[in-house]
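In our numbering, the protein residues as written are 607 to 1207.
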Ligand code: GCW
C-alpha cells in the first residue's frame, strides 16, 4: 500500500469514528468496528472499488475499496466482493425551499430558505455539515456512489451562482465518501433565467449557454457527475416545445458535459405529450423506441421499473426491451409514494428483485433510487423505511443478494441482535410488500389512490377537469359485469410491446399470471380463476388476506417489545396500528365499491 493511500484510509477511519460518536444511533451504523484492522492496497485486483476481506485484513485496489471493505467487515462479511452497477445513485426530489416532493420524513437535508433579518426576502439556508456527513457515511456504507441533489421538477435557480456555490460545498463534504453530485436541470433554464430568448436545443446561443454553464460547474466541482432531466412530462419544458426530439434535447446537454466526462440521465417517464390519448402505459415505448441509436454515448435513458408509476405491483416496463443501443438505468422508488408512504411498513427489496427477474441487471449500467430521506430524527419517517434505503444500496452493489439476507443484515445492524432470533422480524419484512398489494390493489388492479397525495383508496375517483390518466376509474373500468383494462392484442395491445415469451403469456387470461390479470385483461366478475373461485371471490380473498397479514405484524412486533428501547418500540407500534386501520379502510372501501357496482340500484 502506498504511503499516501495508507494515510488517507486511516484518516477516513478516524473521521468515521468521530462522526459516529456524535449521532447515528438511529441508523444501521451501530456495529462496533473490529480492532486491529490491516489495510492493504493491491494493484492487481480488478479495476473497481471492490474489496477482499480475510480475517481482519482488508485488501482493495482503491482507497474507496478499503472504505467499502471496512463496512463489509462490520457486517461480518469475508471474501471478495465487487460492485455490480457502476452508477449507484440516489435521486432526491428536494425543492430549493426545503420541501420534498413525495417526501414523508420532514424537509430536505440539503436545501431550505431563511428569512433575512429585515424580512426583505430569503437567504439560502446554510449547509448542515455534520448531518450531510452522516448521510454520506450511511450511503458509503452500502456502496452508493452518486446523488442527485434536487427534484426532477427542477427549478432553474439551481443553475445560478449562489446555488452552484452551495452544490460545491455539499460536493466537498461528499467527495471523501466516494459520492459524486449530480443535478436535475430544467430544460427551459436558459430562457427561464432570462439569459437567452429560447431554449431550443438546436439554437447555437442555447448550446453556448449550456456549454458555459457546464464550464462554470466544473470549475467549482471538477468531479461533477452530470444532469438528470425530466422533459416534456407533466408540464415540464422540453425539446418538443421547439418541434425537436428527445434525442436533440439530450444530445445538446450531453455535448456540453462530454469534455468533462459528465453524463445525462434522460427520463422516459412521459405521457400526455406526443402520444396523448394512447394507453398511458404504452407511451414511453411510443416516444423513445424509434430514437434508439440516436443518442450520444454519454446519454443514459432512465426508466421507472414499471410502465405506469411506482404502483405496489406493475409488470416490468417494456421500454427496457426496446432500447438496444442506448445505455439504460432503472429508476426505483425508495420513498413509498404509493405504498403507504412512511406510515406503512413495506419492505421493498422483494419488489425490486421481482423487477430484476424480468430485466436482467446485466442490461443496465446503473440504478437510481428516489430517496426517502429527510430531517426527521429517524431519517426516513418510519424506522423500518430505513431498511429500504439500505436495501437499495445493497442491491445496487450486488443485485443477486437475497431480499431476506439484506433484511437480516439491516435488522442485525440496526436493532438488538436478540430481537430476531426466531426470524419473525425477517418474515414480517419479507411478507410486507405482498400484504400491501393484497390490501390495496390485488390481481393487477392499479392507481386507485386518492387524488394528488396518493395515500388511501378512491376507486370512484373522477374529476372532469383532470387529465383522465389521473383518474382511478380510468384504471379499473369496473361496471356491473366486468372489471379491468383490456391491454391484450384485442384491446390497447400493450402486451404487444413485450418480448417473448411474455407477450404471449400476458396476452391470454388463461396464461396471464393472477398478479397481472386485471392489468392486462377485462373480465366478468364471474370469471373462473385458477383457484376455482370466481374473480369476485378471489378479489375478496386477497383483500382479507392482506388485512390478516397486518394483524400478524402487530403481534410480531408485540413479541419484540422486550428487546428494544421503549421509544422506538412505541413509534413502530403506533404506526403498525395505523397501518392495520388503513388496511381495513382499503379493503372495506374497495370491496364496498366493487360489490355495489355489481348490484346497481
Ligand atoms: O409519480 C409521479 C409523482 C410526481 C413525480 C412524477 C415523476 C417528481 O406523483 O410527484 O414528480 O411521478 O416521477 O416525475
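Cβ coordinates follow ideal geometry from the N, Cα and C atoms, glycine included.
**Report entry** Candidates 641, 839, 1152: closest to residue 951 by CA position
**Finding:** Out of 641, 839, 1152, 1152 has the C-alpha closest to the C-alpha of residue 951.
Query raised in the report: Thinking C-alpha only, which one of 852, 1183, 1029, 886 is nearest residue 1076?
Result: Of 852, 1183, 1029, 886, the residue nearest in Cα terms is 886.
Query - Among 1084, 1175, 1206, 1156, nearest to residue 1191 - alpha-carbon criterion - result: Checked all of 1084, 1175, 1206, 1156; the closest Cα to residue 1191 is 1156.
Requested in this report: Inspect the CB distances between the region 917 to 933 and the region 888 to 900 and report whether three or more fall short of 8 Å.
Outcome: At 8 Å Cβ cutoff, the stretches touch.
Query - Check whether residue 1130 and residue 1088 have beta carbons under 9 Å apart - result: Taking the C-beta atoms as reference points, residue 1088 is found nearer than 9 Å to residue 1130.
Query raised in the report: Would residue 971 be called buried (16 or more neighbouring beta carbons within 10 Å of its own) or exposed?
Result: The Cβ neighbour count for residue 971, taken over all protein chains shown within 10 Å, is under 16; the residue is labelled exposed.
Query raised in the report: Under the rule that 16 or more other beta-carbon atoms within 10 Å means buried, what is residue 694, buried or exposed?
Result: When all chains shown are included, residue 694 counts as buried.
Query - Three CB pairs or more closer than 8 Å across the region 711 to 722 and the region 662 to 680 - result: Contact between the region 711 to 722 and the region 662 to 680 is absent, because fewer than three Cβ pairs lie under 8 Å.
Query - Length of the line joining the Cα atoms of residue 1069 and residue 1078 - result: Per the coordinates, the alpha-carbon of residue 1069 lies some 10 Å from the alpha-carbon of residue 1078.
Query raised in the report: If you pair each beta-carbon of the region 936 to 955 with each one of the region 987 to 995, do three or more pairs fall below 8 Å?
Result: Output reads yes: the region 987 to 995 touches the region 936 to 955.
Query - Spatial distance of residue 815 from residue 1035 (CA atoms) - result: Cα-Cα distance, rounded: 49 Å.
Report task. Apply the 10 Å Cβ neighbour rule to residue 1072 and answer buried if 16 or more other Cβ atoms are within range, or exposed otherwise. Result -> Looking at its Cβ environment, which holds fewer than 16 other Cβ atoms inside 10 Å, residue 1072 is exposed.
Query raised in the report: Does DSSP put residue 650 in a helix, in a strand, or in coil?
Result: Three-state DSSP puts residue 650 in coil, outside helix and strand.
Query raised in the report: Would you report the Cα separation of residue 1045 and residue 1106, rounded to the nearest angstrom?
Result: Going by the C-alpha atoms only, they are around 31 Å apart.
Requested in this report: May I have the straight-line CA-CA distance separating residue 826 from residue 819, to the nearest angstrom?
Outcome: A direct Cα-Cα distance of roughly 11 Å separates residue 826 from residue 819.
Requested in this report: Could you tell me which residues DSSP puts in a beta bridge with residue 943?
Outcome: The partner list for residue 943 (beta bridge, DSSP) is empty, contrary to what the question assumes.
Requested in this report: Compute the Euclidean distance between the alpha carbons of residue 711 and residue 985, then round it to the nearest angstrom.
Outcome: Roughly 6 Å separates the two Cα atoms.
Query raised in the report: For residue 1043, which of helix, strand or coil comes out of DSSP?
Result: Helix, per DSSP.
Query raised in the report: Would you say residue 833 and residue 799 are within 9 Å of each other, going by their C-beta atoms?
Result: Cβ atoms of residue 833 and residue 799: not closer than 9 Å.
Query raised in the report: Is any heavy atom of the ligand GCW found at a distance shorter than 8 Å from the C-beta of residue 839?
Result: Relative to the ligand GCW, the beta carbon of residue 839 is positioned inside 8 Å of a heavy atom.
Query raised in the report: Is it the case that the Cβ atoms of residue 1064 and residue 1195 are separated by a distance below 9 Å?
Result: The answer is yes: Cβ separation under 9 Å.
Query - Residue from 853, 1193, 1142 with nearest C-alpha to residue 1149 - result: If we check each option's Cα against that of residue 1149, 1193 comes out closest.
Query raised in the report: In chain order, what residues of the same chain have a beta carbon less than 8 Å from the beta carbon of residue 1039, not counting five sequence neighbours either side?
Result: The residues are 918, 945, 952, 953, 954, 956, 957.
Requested in this report: Mark residue 676 as exposed unless 16 or more other C-beta atoms lie within 10 angstroms of its C-beta, in which case mark it buried.
Outcome: Per the 10 Å Cβ criterion, buried.
Query raised in the report: Between the C-alpha atoms of residue 672 and residue 929, what's the straight-line distance to the nearest angstrom?
Result: Near 36 Å, if we compare the C-alpha coordinates of residue 929 and residue 672.
Report task. Can you tell me which of the three DSSP states residue 856 falls into? Result -> Residue 856 falls in the helix class under three-state DSSP.
Query raised in the report: Which same chain residues, not among the five before or five after residue 848, have their C-beta less than 6 Å away from its C-beta?
Result: If we look at residue 848 and ignore the five residues flanking it on each side, its Cβ neighbours are 806.
Requested in this report: Can you grab the Cα-Cα spacing for the pair residue 651 / residue 688, in whole Å?
Outcome: For residue 651 and residue 688, the gap between their C-alpha atoms comes out near 10 Å.
Query raised in the report: Is the closest heavy atom of the ligand GCW to the C-beta of residue 698 under 8 Å?
Result: Set against 8 Å, the gap from the CB of residue 698 to the closest heavy atom of the ligand GCW is not smaller.
Report task. Let me know if residue 669 comes out buried or exposed under the rule of 16 or more other beta-carbons within 10 Å of its beta-carbon. Result -> Label assigned to residue 669: buried.
Requested in this report: Report yes or no: do the region 1049 to 1062 and the region 1166 to 1175 share at least 3 C-beta pairs separated by less than 8 Å?
Outcome: Contact annotation: the region 1049 to 1062 does not touch the region 1166 to 1175, with fewer than three C-beta pairs closer than 8 Å.
Query - residue 654 versus residue 1012 - alpha carbon distance - result: So the alpha carbons of these two residues sit roughly 23 Å apart.
Query raised in the report: Quick one: does the C-beta of residue 1161 sit closer than 8 Å to a heavy atom of the ligand GCW?
Result: For residue 1161, the Cβ stays outside the 8 Å cut-off from all heavy atoms of the ligand GCW.
Query raised in the report: Less than 9 Å separating the beta-carbons of residue 836 and residue 758?
Result: Result yes, Cβ atoms of residue 836 and residue 758 sit closer than 9 Å.
Report task. Tell me whether residue 729 sits in a helix, a strand or coil according to DSSP, three-state version. Result -> Note: residue 729 maps to strand in three-state DSSP.
Query raised in the report: Could you give the residue range of the beta strand (DSSP E) that holds residue 954?
Result: Looking at the DSSP string, residue 954 is not in any beta strand (DSSP E), and its letter there is neither H nor E.
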